[in-house]
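A short worksheet on the structure shown next.
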Amino acid sequence: MRHSLKVGFSFGLTSGIITTLGLMVGIYAGTHSKLGVIGGVLTIAIADAFSDALGIHISEETENKHSTVEIWEATLATFLSKFIFALTFIVPVLLLKLPTAILVSALWGLSALSLLSFFIAREQKVNPWKVIAEHMVIALTVIAITKYVGDFISTLCE
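Take the sequence shown: its position 17, counted from the start at 1, is 412 in our numbering, and no numbers get skipped.
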């Protein structure tokens with residue numbers, strides 16, 4: 396796979412997982428609102444996908460070692476991977492009760508992140524378990540912090 400596509404896809408997927416799960420867990424903890432969670436996921440899928448794509452675009456431009464085509468490939472790969480993957484988190488919310496949907500979404504996102512981490516480790520010829528563990532610790536930290544922030548906000552608004 397071309398470097399530009401790899402950069403965009405891996406960044407978009409990772410950001411899509413961590414940002415979307417963090418937002419979902421925080422909104423759920425703070426409001427227990429299915430509509431709020433769906434609205435949050437749609438916001439991430441649109442606004443944050445565009446934001447991340449522009450971030451990758453500018454980052455690749457500043458390196459001065461990529462062609463215009465490579466920069467745009469990374470930009471589009473970032474947008475599409477984040478946009479599409481973030482939208483997948485809406486499916487459990489639409490089909491399941493919200494507490495179950497949050498758990499299913501977390502399992503889905505963490506599984507996808509583990510798989511991506513495994514392929515990254517394999518390509519770099521390093522221990523996959525170390526890479527997976529490192530990425531899981533970061534993702535679970537984000538999820539835990541956003542849950543506690545949501546819980547805190549819900550106590551302020553009672």
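Just so it is clear, CB atoms sit at the ideal spot from N, CA and C, and this is done for glycine as well.
query: Nearest-angstrom Cα distance between I439 and G417?; result: 11 Å
query: Could you tell me the alpha carbon to alpha carbon distance between P487 and S476, rounded to whole angstroms?; result: 19 Å
query: In whole angstroms, what is the alpha-carbon distance linking K525 and E553?; result: 42 Å
query: With respect to the alpha helix (DSSP H) encompassing H398, which residues constitute its N-terminal and C-terminal limits?; result: H398 to T426
query: Quick check on the burial criterion: 16 or more other C-beta atoms within 10 angstroms. Buried or exposed for D546?; result: exposed
query: Buried or exposed: where does T409 fall if 16 or more other Cβ atoms within 10 Å of its Cβ makes it buried?; result: buried
query: Whose C-beta lies closer than 8 Å to the C-beta of A534 among residues of the same chain, with five residues either side of it excluded?; result: I412, I413, L416, G504, L505 and L508
query: Taking three-plus beta-carbon pairs below 8 Å as touching, is the segment 481-497 in contact with the segment 427-437?; result: yes
query: Report yes if the C-beta distance between G407 and T463 is below 7 Å; otherwise report no.; result: no
query: According to DSSP, is H452 helix, strand or coil?; result: helix
query: Only counting the same chain, and skipping five residues up and downstream in sequence, which positions put a Cβ closer than 6 Å to that of I422?; result: G431, V432 and G435
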